[in-house]
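Per the UniProt record's numbering, the sequence shown starts with residue 1, numbered consecutively.
Glycine included, each C-beta is placed from N, C-alpha and C at the ideal position.
What follows is one structure encoded as structure tokens, with my remarks underneath.
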Amino acid sequence: MQQNEFSWISSGTTHVGTVREINEDNYIERPELGLWVVADGMGGHSAGDIASTMVVDALSVIERRGTNEEFIQEIIDALSITNQKLRQMAFSKFGKKSMVGSTVVVMVCYEGRYSILWAGDSRAYLYQNGLLKQVTRDHSHVNELIDSGAIPEDEAESHPLANVITRAIGASQDLNLERLDGELKAGDIFLLCSDGLNKELTDKEIQQFFTTENVVDINKALIHSALIRGAKDNITAISVKIDDECEADDYTIPAQSLKATDAL
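Below, the structure written as structure tokens:
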């Protein structure tokens with residue numbers, strides 16, 4: 001897809017993993033709009049696969065109208081409506097104390113810039129100048145403990161509350177999305193992923209797969225490596241490479257939903 005001085009190519013992949021029977025992850029690529037989304041239905045809660053599907057469905061039908069900020073607001077509004085629908089569904093189907101929820105991470109590219117919106121622990125990374133950096137911060141109870149000085153950062157992964165998130169679509173009456181904005185640079189590669197990936201691979205291990213600029217190869221290598229580690233959770237990844245302006249048509253690699261043997 002082209003917009004102003006940049007074009008992009010993307011590839012998305014999802015895999016159920018080696019333990020779970022249902023894939024509660026979901027994603028969409030809409031490069032013609034400069035829009036990519038990963039959603040992870042909350043494990044341990046009712047109907048997580050329905051929740052993540054509702055999130056991506058809500059963003060699969062919106063269109064660009066008006067300014068870029070108006071488009072971003074339309075995304076926020078669509079997610080807010082989905083938040084209310086999930087809360088209503090949880091109450092009507094599972095009772096007052098039940099919750100149907102999903103994390104979300106959204107990236108939008110426009111006019112040489114990007115915006116990332118997220119709630120929960122699905123992540124966005126940026127590979128730039130040979131280095132991979134996590135640009136989102138997990139909305140988790142453990143991170144709140146770290147911020148308050150209650151625990152050191154090196155105890156986060158082993159903490160008993162490591163999997164408890166503090167924000168999600170459907171988790172509270174009012175949706176609280178965090179937003180990050182930045183400038184695009186030619187050669188940037190973004191990675192959006194569910195926590196099933198970073199549970200199995202460290203950031204340093206993820207970075208080694210970005211020595212190639214082929215987004216299909218990056219995704220296949222990431223999924224393959226997570227599966228080798230056991231992939232106890234569902235895994236989803238979208239890689240988006242930013243290029244200088246070119247004459248190519250709007251383009252994305254065909255979506256992949258891998259079976260258990262495909263990435264081995």
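Worksheet item: Counting only runs that start and end within the stretch 18 to 100, where is the alpha helix (DSSP H) found for 4 or more residues in a row?
Response: 48 to 60, 68 to 94
Practice prompt. Have a look at Leu-222, Gly-112, Ala-162 and flag the residue whose alpha-carbon is nearest the alpha-carbon of Asp-244.
Written response: Here the question's residue 244 lines up with position 244 in the sequence shown. Ranking Leu-222, Gly-112, Ala-162 by Cα distance to Asp-244 puts Gly-112 first.
Worksheet entry | CB of Ala-39 within 8 angstroms of CB of Val-142, strictly | On the sequence shown, position 39 is the one that residue 39 refers to. On the sequence shown, position 142 is the one that residue 142 refers to. Contact flag unset, no.
Practice prompt. Using only alpha-carbon positions, find the residue among Phe-210, Tyr-114, Ser-225 that is nearest to Ile-72.
Written response: Within the sequence shown, numbered from 1, the residue matching residue 72 stands at position 72. Comparing Cα-Cα distances from Ile-72 to each of Phe-210, Tyr-114, Ser-225, the minimum goes to Tyr-114.
Item to complete: Could you tell me the distance, in whole angstroms, from the CA atom of Thr-14 to the CA atom of Thr-236?
Response: Indexing the sequence shown from 1 puts residue 14 at position 14. Indexing the sequence shown from 1 puts residue 236 at position 236. Near 4 angstroms, if we compare the C-alpha coordinates of Thr-236 and Thr-14.
Practice prompt. Determine the burial state of Thr-211: buried for a count of at least 16 other Cβ atoms within 10 Å of its Cβ, exposed for fewer.
Written response: Here residue 211 corresponds to residue number 211 of the sequence shown, with the count starting at 1. Answer is exposed; the Cβ neighbour count stays below 16.
Fill in: Sequence ranges, beta strand (DSSP E) only - wholly within the stretch 112 to 191, length at least 3
113 to 119, 123 to 128, 131 to 134, 178 to 183
Worksheet item: Quick one: is Arg-30 buried, meaning 16 or more other Cβ sit within 10 Å of its Cβ, or exposed?
Response: Position 30 of the sequence shown, counted from the first residue, corresponds to residue 30. So Arg-30 ends up on the buried side.
Discussion item. For Asp-121, which residues in the same chain have their Cβ closer than 7 angstroms to its Cβ, ignoring the five residues on either side in sequence?
Written reply: The residue labelled residue 121 in the question sits at position 121 within the sequence shown. Cβ neighbours of Asp-121 beyond the five flanking positions: Thr-103, Asp-138, His-139, Ser-140, Ile-165, Asp-195.
Discussion item. Is Glu-205 close to chain B? Criterion is C-beta to C-beta, closer than 8 angstroms.
Written reply: Of the protein chains in the structure, only one exists, and it is not chain B.
Worksheet entry | Start-to-end residues for the alpha helix (DSSP H) that takes in Ser-225 | Within the sequence shown, numbered from 1, the residue matching residue 225 stands at position 225. Unbroken alpha helix (DSSP H) run through Ser-225: 215 to 228.
Worksheet item: So, using beta-carbon positions, are Leu-197 and Ala-226 closer together than 8 angstroms?
Response: Looking up residue 197 in the sequence shown gives position 197. Looking up residue 226 in the sequence shown gives position 226. Yes. Within cutoff.
Worksheet item: Would DSSP call Asp-203 helix, strand or coil?
Response: Mapped onto the sequence shown, residue 203 falls at position 203. Here Asp-203 sits in helix by DSSP.
Worksheet entry | Own chain partners of Ser-11 with C-beta closer than 6 angstroms, once the 5 adjacent residues on each side are dropped | Position 11 of the sequence shown, counting from 1, holds the residue named residue 11. Contacts found: Val-215, Val-216, Asn-219, Ser-239, Ile-253.
Fill in: Asp-233, enclosing beta strand (DSSP E) - first and last residue
Sequence index remark: in the sequence shown, residue 233 carries index 233 (1-based). From DSSP, Asp-233 is part of no beta strand (DSSP E); its letter is neither H nor E.
Worksheet item: How many angstroms separate the CA atom of Ala-248 from the CA atom of Asp-188?
Response: Locating residue 248 in the sequence shown gives position 248, where the first residue counts as 1. Locating residue 188 in the sequence shown gives position 188, where the first residue counts as 1. Bear in mind that a pLDDT of 42 at Ala-248, under 50, signals an unreliable position, so the number given afterwards is only what the model happens to contain. Taking the straight line joining both Cα atoms gives about 18 angstroms.
Worksheet item: So, are the CB atoms of Leu-59 and Ile-75 less than 8 angstroms apart?
Response: For this step, residue 59 is matched to residue 59 along the sequence shown. For this step, residue 75 is matched to residue 75 along the sequence shown. Going by C-beta atoms, Leu-59 is nearer than 8 angstroms to Ile-75.
Worksheet item: On the three-state DSSP scale, how would you describe Val-16?
Response: Here residue 16 refers to the residue found at position 16 when the sequence shown is read from its first residue. Val-16: coil per DSSP, three-state reduction.
Worksheet entry | Distance between beta carbons of Met-89 and Val-100, contact taken as under 8 angstroms | Residue 100 sits at position 100 when you count from the first residue of the sequence shown. Residue 89 sits at position 89 when you count from the first residue of the sequence shown. Contact flag correct, Cβ pair sits at about 6 angstroms.
Worksheet item: Thr-212 by DSSP, collapsed to three states: which one?
Response: Reading the sequence shown from its first residue, position 212 is the one you call residue 212. If DSSP states are grouped into helix, strand and coil, Thr-212 belongs with coil.
Worksheet item: Is it buried or exposed for Asp-154, if we count other Cβ within 10 angstroms and need 16 for buried?
Response: Position 154 of the sequence shown holds residue 154. Asp-154 is exposed by the Cβ-count criterion.
Worksheet item: Does the stretch 178 to 193 come within contact of the stretch 121 to 137, defined as at least 3 CB pairs closer than 8 angstroms?
Response: yes
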